[in-house]
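Heads up: the structure comes next, in structure tokens.
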Amino acid sequence: MSDKMTEKMEVKGLNFYYGTKQALKDINLAVQEGEITALIGPSGCGKTTFLRCLNRMHDLYPGNRYEGEILLEGKNILRKGIDLIKLRSRIGMVFQKPTPFPMSISDNIAFGLKLKGIRNRGEIEGRVETALKDSALFDEVKDRLNTPALSLSGGQQQRLCIARAVAVEPDVILMDEPCSALDPVATVKIEDLMSELKSNYTVVIVTHNMQQAARVSEYTGFFMLGEVMEFDRTKRIFTNPKNKMTEDYITGRFG
Amino acid sequence: MNLHYLRRKLVNYVALGISLLSAVFGIVFLCWILKDVLVLGLPALNTSFFTELPAPPGMEGGGVANAIVGTIMITVIATVVGVPAGILAGTYLSEFGRKSRVASAVRFLSDILVSAPSIVVGIFVYALLVGPMGGFSLLAGSLALAIIMLPVVIRTSEEMLKLVPDSTREAALALGAPQWRVTVQVVYRGALRGMVTGVMLAVARVSGETAPLLFTSFNNTFWNFSLTEPTASLTVTIFNYAMAPYEEWHSIAWGAALLITAMLLVVTLLARFFARGRSTG
Ligand SMILES: Nc1ncnc2c1ncn2[C@@H]1O[C@H](COP(=O)(O)OP(=O)(O)OP(=O)(O)O)[C@@H](O)[C@H]1O
Ligand SMILES: [Mg+2]
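Protein chains in written order, with the numbering used here: chain A, 1 to 255; chain B, 1 to 281.
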């Protein structure tokens with residue numbers, strides 16, 4: 001079975017430093033195309049840090065340093081001179097906290113569409129609607145698409161951010177605990193969306209919710225103290241983990 | 001324990017009383033000024049006040065039409081020069097330079113410039129423009145006001161831009177937006193309300209300046225629409241007329257004071273109205 005898989009991203013010997021502080025140690029894992037990869041682990045273990053390496057978000061701040069390789073379709077995205085704008089348009093991201101832009105709901109999504117060069121009003125409107133429907137937000141906001149996004153509730157804002165990231169159709173979508181502010185109904189909808197996205201996209205999701213990881217993902221990585229303790233098929237991680245610590249963590253006997 | 005509670009209550013009342021008194025103290029003076037300006041200024045406001053040129057000394061009648069237009073011209077030109085420069089500098093400080101040496105130098109200098117007495121700026125422009133150009137001019141007056149406005153606009157726009165959270169910038173960049181688009185289309189939108197208010201307040205502040213204009217645009221008893229000629233302004237007119245020995249002129253000075261107060265009020269109200277109307281929509 002594994003031979004018909006293709007590796008969308010491959011991380012080899014990745015070390016990451018916030019200044020002099022090493023936050024990731026020798027990370028090796030592969031993200032399979034068209035699958036959902038879940039990252040789990042205790043708070044502060046480096047999941048967000050790792051995710052932000054994948055679209056080189058850390059470059060925004062001075063002093064951050066990467067070592068090793070991250071291959072996107074075989075090409076190292078840590079190489080010098082890479083076009084970060086293009087990279088980030090291929091690798092979308094949903095942040096841990098909602099990050100709506102200070103503009104209307106529909107403009108939030110249109111912003112990304114315009115970046116892609118879509119100018120046609122009709123097409124933009126159509127895509128905004130589709131994206132909002134996909135992220136289970138449309139019914140709640142259809143009458144007020146032109147009101148400020150900041151007036152939405154936290155959970156609604158997060159779904160808007162998901163819609164915004166999905167609307168631009170990146171190759172890979174990184175999601176940092178996208179459901180932590182959502183109620184169970186919206187969570188189910190987002191999980192459905194992820195499963196749907198799977199056919200066209202590659203998804204990497206950080207979650208603290210073991211059930212969620214087990215439900216939606218094909219592969220799971222267990223992080224601890226900046227290292228990957230175990231990376232394997234989700235089924236295997238949850239039924240027969242090799243590492244004792246993984247087992248302790250997923251069964252809640254941690255610490 | 002009861003005593004303790006009583007003591008806290010007492011301290012609370014005393015603190016409250018003092019702060020209330022201070023507030024009342026400030027407001028009393030404000031109202032007093034407004035009352036005097038209104039009572040003494042209103043009688044001067046007639047048609048000739050708005051439409052006629054100043055009358056020669058000792059003569060009845062006359063108005064300050066040229067000074068009204070002059071103040072507007074000087075302020076508008078100052079705004080056109082000072083505001084874009086200030087906003088761009090503020091943008092540099094908040095979005096591009098942040099921790100660079102240049103940025104901290106600019107911050108330091110503009111902090112000094114904010115507290116520089118406006119008369120110093122007047123003398124500076126006098127030496128820079130009035131001397132070489134061979135005379136007082138509208139341009140020199142506008143430049144002086146633009147320089148006074150600059151540090152205020154720089155620092156307020158920087159502060160307002162910084163209020164937009166970094167996570168918003170990150171989110172826009174994560175969509176593959178180039179930096180300039182993030183700044184212009186996302187960050188500016190978030191900071192618009194504060195920036196407009198800041199700019200309007202800076203405009204209001206400089207349009208009430210007198211000292212720097214004395215050395216630069218000076219005064220003119222006639223109309224002037226040339227950049228290189230001396231130009232009348234309301235504030236300098238108030239200064240001259242209030243010092244003159246004629247009753248008639250004192251009244252006109254009060255009228256001009258009322259007018260400029262009203263103009264500032266309008267600018268401030270406009271700032272609020274505009275900011276509210278297009279906050280984050
Ligand atoms: N900007 C930063 N500078 C220095 N250290 C940082 C920075 N951001 C995070 N860290 C540190 O790096 C480590 C990993 O943090 P990270 O945010 O990646 O954890 P996480 O796994 O996402 O945790 P959580 O589940 O709570 O979100 C932590 O020890 C954290 O204190
Ligand atoms: Mg995190």
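For each residue, glycine too, the CB sits at the ideal point set by N, CA and C.
Keep in mind it's a predicted model, so treat the numbers as computed, not measured.
Taking a Cβ-Cβ cut-off of 9 Å, the neighbours of Arg88 of chain A in chain B comprise Leu173, Ala174, Leu175, Gly176 and Ala177, given in sequence order. Chain order gives the chain A residues near Thr168 of chain B as Thr99, Pro100, Phe101 and Pro102, where near means a beta carbon separation below 9 Å.
For Val206 of chain A, the shortest C-beta to heavy atom distance toward ligand 2 is below 7 Å. At a C-beta separation below 9 Å, Val186 of chain B has these neighbours in chain A: Phe101, Pro102, Met103 and Phe111. By the C-beta criterion, the stretch 120-140 of chain B is judged not to be in contact with the stretch 46-63 of chain B, since fewer than 3 inter-stretch pairs fall below 8 Å. Taking every residue with its beta carbon within less than 6 Å of a heavy atom belonging to ligand 2 gives, in chain order, A:Lys47, A:Thr48, A:Gln96 and A:Asp176. With the rule of 3 Cβ pairs closer than 8 Å, the stretch 104-117 of chain A counts as touching the stretch 167-185 of chain B. Here DSSP, grouped into helix, strand and coil, assigns Ala105 of chain B to helix. A heavy atom of ligand 1 is found nearer than 7 Å to the CB of Tyr18 of chain A. With its beta carbon less than 8 Å from one in chain B, Ile85 of chain A belongs to the interface. Nearest CB-CB separation between Gly155 of chain A and chain B: not below the 8 Å threshold.
Ala136 of chain A is not a Cβ neighbour of Ile205 of chain A, given a cutoff of 8 Å. Gly221 of chain A has its CB no nearer than 7 Å to any heavy atom of ligand 1. Val228 of chain A is positioned such that its CB atom lies no closer than 8 Å to that of Cys161 of chain A. At least one heavy atom of ligand 1 is found less than 7 Å from the C-beta of Cys45 of chain A. Non-local beta-carbon contacts of Tyr66 of chain A in its own chain, meaning distances under 6 Å to residues more than five positions away in sequence, involve Phe16 and Leu78 in chain order. Using a CB distance cut-off of 8 Å, Phe50 of chain A does not count as an interface residue toward chain B.
Here Glu35 of chain A is buried. Its C-beta has 16 or more other C-beta atoms within 10 Å. Note: Thr221 of chain B is not bridge-paired with any residue in the DSSP secondary-structure output. Across the structure, Leu53 of chain B and Ser100 of chain B are spaced so that their CA atoms are roughly 52 Å apart. Between Asn108 of chain A and Arg164 of chain A, the gap from beta carbon to beta carbon is short of 8 Å. Interface residue (Cβ-Cβ distance to chain A less than 8 Å): Arg8 of chain B is not classified as such. Unbroken alpha helix (DSSP H) stretches of 4 residues or longer found wholly inside the stretch 17-103 of chain A: 47-54 and 84-90, given in chain order. The three-state reading of DSSP puts Arg253 of chain A in coil, since its state is none of H, G, I, E or B.
With distances taken between CA atoms, Thr75 of chain B lies nearest to B:Ser233 out of B:Ser233, B:Ser251 and B:Ala271.
Taking 7 Å as the Cβ-Cβ cut-off, the stretch 186-200 of chain B approaches chain A at Val186, Arg189 and Gly190, given in chain order. Under a criterion of Cβ atoms nearer than 9 Å, the residues of chain B adjacent to Phe95 of chain A are, in order, Ser167, Glu170, Ala171 and Ala174. Excluding residues up to 5 positions away in sequence, Ala165, Pro170 and Ile173 lie with their Cβ nearer than 6 Å to the Cβ of Gly92 of chain A in the same chain. When the beta-carbon positions are compared, Leu39 of chain A and Met9 of chain A stay at least 8 Å from each other. Ala67 of chain B is a Cβ neighbour of Thr237 of chain B, given a cutoff of 8 Å. Ala23 of chain A has its Cβ nearer than 7 Å to a heavy atom of ligand 1.
Looking only at A:Gly19, A:Gly46 and A:Pro42, the smallest Cα-Cα distance to Asp26 of chain A is reached by A:Gly46. In the three-state reduction of the DSSP assignment, Asn209 of chain A falls in the coil class, being assigned neither a helical nor a strand state. Residues of chain B whose Cβ lies closer than 8 Å to the Cβ of Asn55 of chain A are, in chain order, Ala174.
At the C-beta level, Leu143 of chain B and Val81 of chain B come within 8 Å of one another. By the neighbour-count criterion, in which 16 or more other beta carbons inside 10 Å mark a residue as buried, Gln156 of chain A falls on the buried side.
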